[in-house]
Structure formats: C-alpha cells, structure tokens
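Numbering (the working numbering), first residue to last: 16 to 371. Have a look at the structure below, then the notes.
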C-alpha cells in the first residue's frame, strides 16, 4: 500500500480512546479484555443478572474463533468484532427511548470500528443492524409506536454519520487506492482467474472471493469442534492407529512420534483452517432453550442475524443465494457511480465489493 495511505491514519486521534479502553494491555490480553468488556456492556444493557453478564462476557471473549484469528494476526478483525457488542448496546438503548446515551455509545463504538480498519466485518455488522431495524419496525407498527421508532432511527443515523468523520481521510485514500487493486479490478497482479462463469465486471472473481466457504454440514462444528478434523495440520495420538501403522512398517519409534505431530486432519471444503468454529455446546443448548422460554421480541433479530451469518459463511456452497448477494447487494451503493463512468467497473469501496 502507498505510504501516504498508511501514514494518514495517524491523524485519527480517536485511536487514543481505543488505548484507554484496552488499558494499554499487551497483545493478546488486550483483545480478550476488550471483547469481554464490550459483551459485558451489552448484556448489562439487556438487563441480565450480573453473573450471567460475567459468564456471557467470558464465553464471548474466549470463543474459539477469536483465538484463531488472533493467532493468525488478524488484529483489525478482532478489534472490530470486539466493538460489535457495545455497538448493539447503544442501538438497543436508543430504541428504548434513551436517545442521547444510546446515540453517544453508538457513535463512539462505530467510530472505533471504522478506525480499526476492517471494513468487511463492519459491513457484516451493518447487516446485523438492519435485522434489528426491521424487527423493531415491525414491533413499532404492531404497538403503534412508529414515531418513536423513526426518532430513534434518525438519531442513530445522525450519530452514525458523525462516527465516520474522524476516519474520513483514511476512508478516502483507501477508496482511491482500491481502484488500482485486484479488488477494484485494475491490478496487473490479479491472480489466475477461475472459469468464465466466475468472472465479475471488475473486482474479485467469485472463485477467489468465495475460496473460504464453510461447508453446510461444517457449521455443526459450533457444537462439535473436531467434526471435520480440527486444524489443517495437528497432532494425532502418539499411541493411536496411525502411530501403530508406522511402527509396523518399520519406521523408528522416535521418527513416528515426530511424524504424527504434524498430520493433515481437516477434510472440509476450505483450503485450510486453524480449527473448528466452536461456540460451545452448553451455550447453544441454553440459546435454543431460551427461544422457547423467552417471550421478548428481541430474540427475533438475534435469530435473524444468526441465520444471515450462517448463510453468508456457506458462501459458494449455497451459491444461488450468495452469488446473487455478491453481485447485487453492493449494487445499491455503486450503481450511480457506474452510471457516471463509461465503464461497467464495480464500486471499489472496500466495505462493499472488496469486503464481500
């Protein structure tokens, strides 16, 4: 990336607020602390008992996916995910009628999400916000509280616009630079493309964009982490069947011990993985139980967000939906841009086509 794009990010002084919220803790403690703090705030706003908020915060912070992306060095992704929960807290407060405090929390957390710089996760979070908005709109119509809903929504939109302003320089330069990358469709360094049916008019080819598509049955790793073998490479039992077969073939004991420590284990549809995305069998049990017990309408936006997340994770394994979304979901933003240009290139906004 050009130096000016990276250097400009230093002008965003809201980053110092991020340092305060993480207490200046070293990596990787800062990731876990921020994730737990944010989820604790969300559960507190949702009026759970204190011990549930603590357990929930720990469960969210130490989820297996967080550990995997931290180990892989996806710092910006982890920080963006950590700010999702307090963003939800601000939105819920606003829809409860606490417009100012809800708007402030929304503004601060969304600002820090944008500052983190992982626009793909931010884009997915906006889809969750859309789920919330639809459910609250339906509830407002049923209870004849549409004016209150509109007031809360306009408040959130206003504070949302303010949250983007500190990162304007970074967003502007990223959008400008994106036009000349493989995601913008102009780079000479674009990798070998897939089939003609995979090609898009600018931006990434589908074969590349959907390379890490989770298998449909692979989603069950949320309750059984090693259902598809776990990580791409990992240790097998030293006294297991593989070890026995090697020694029976005449492989020395010490060499067999070393060999089974780095065996291919994963047999899912992704090119590689550091392990299954495990949410926790106990947590999921209580989640499903709550769907039948809890009468609060908020559960419906949670269910909707979960369904959207799982469907998007399936990627090319549910191509008739995800290919359509890939081609048309960002189109609402980029169509006017394309009409102003003589070509049919895609909008290079990183939070849209590049992030998809």
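A virtual CB, placed ideally from N, CA and C, is assigned to each residue, including glycine.
Through-space distance from residue j to residue i, alpha-carbon basis
| i | j | result |
| --- | --- | --- |
| residue 236 | residue 159 | 42 Å |
| residue 182 | residue 122 | 13 Å |
| residue 62 | residue 103 | 14 Å |
| residue 264 | residue 258 | 10 Å |
| residue 278 | residue 130 | 40 Å |
| residue 317 | residue 255 | 42 Å |
| residue 287 | residue 33 | 32 Å |
| residue 157 | residue 311 | 14 Å |
| residue 199 | residue 219 | 8 Å |
| residue 60 | residue 108 | 7 Å |
| residue 345 | residue 76 | 31 Å |
| residue 31 | residue 72 | 24 Å |
| residue 233 | residue 247 | 14 Å |
| residue 161 | residue 319 | 21 Å |
| residue 304 | residue 266 | 51 Å |
| residue 184 | residue 196 | 19 Å |
| residue 350 | residue 139 | The pLDDT assigned to residue 350 is 36, lower than 50, so where the model puts this residue is not dependable, and the model offers no usable value. |
| residue 321 | residue 174 | 26 Å |
| residue 296 | residue 56 | 24 Å |
| residue 167 | residue 101 | 17 Å |
| residue 45 | residue 328 | 27 Å |
Span of the alpha helix (DSSP H), counted from its first residue to its last, around residue i
| i | result |
| --- | --- |
| residue 190 | 183-193 |
| residue 302 | 296-308 |
| residue 260 | 256-263 |
| residue 222 | 221-224 |
| residue 89 | No alpha helix (DSSP H) holds residue 89; DSSP gives it neither H nor E. |
| residue 27 | It is not in any alpha helix (DSSP H) - residue 27 carries neither H nor E in the DSSP assignment. |
| residue 41 | Note, residue 41: premise wrong, no alpha helix (DSSP H); not H, not E. |
| residue 1 | The shown model of the chain, from 16 to 371, leaves out residue 1, and the question about it has no answer. |
| residue 334 | 334-343 |
| residue 319 | 313-329 |
| residue 236 | From DSSP, residue 236 is part of no alpha helix (DSSP H); its letter is neither H nor E. |
| residue 270 | 268-274 |
| residue 135 | 134-157 |
Closest residue to residue i among the options (Cα-Cα distance)
| i | options | result |
| --- | --- | --- |
| residue 111 | 89, 323, 148, 91 | 148 |
| residue 292 | 336, 42, 241 | 241 |
| residue 1 | 309, 180, 231, 137 | As shown, the chain starts at 16 and ends at 371. That puts residue 1 outside it, with no answer to give. |
| residue 163 | 175, 125, 60, 114 | 114 |
| residue 54 | 99, 64, 66 | 99 |
| residue 225 | 40, 41, 340 | 340 |
| residue 333 | 284, 134, 165 | 284 |
| residue 251 | 276, 335, 65, 165 | 276 |
| residue 81 | 290, 64, 300 | 290 |
| residue 134 | 193, 120, 116, 146 | 193 |
| residue 238 | 336, 300, 154, 313 | 300 |
Beta carbon of residue i nearer than 7 Å to that of residue j
| i | j | result |
| --- | --- | --- |
| residue 58 | residue 68 | yes |
| residue 142 | residue 323 | yes |
| residue 230 | residue 280 | no |
| residue 172 | residue 315 | no |
| residue 126 | residue 79 | no |
| residue 84 | residue 93 | yes |
| residue 243 | residue 187 | no |
| residue 38 | residue 97 | no |
| residue 222 | residue 330 | no |
| residue 170 | residue 118 | yes |
| residue 128 | residue 91 | no |
| residue 262 | residue 269 | no |
| residue 298 | residue 74 | yes |
DSSP bridge partner residues for residue i (one or two, in chain order)
| i | result |
| --- | --- |
| residue 248 | 279 |
Chain C contact for residue i (CB, 7 Å cutoff)
| i | result |
| --- | --- |
| residue 153 | Absent from the structure: chain C. Only one protein chain is present. |
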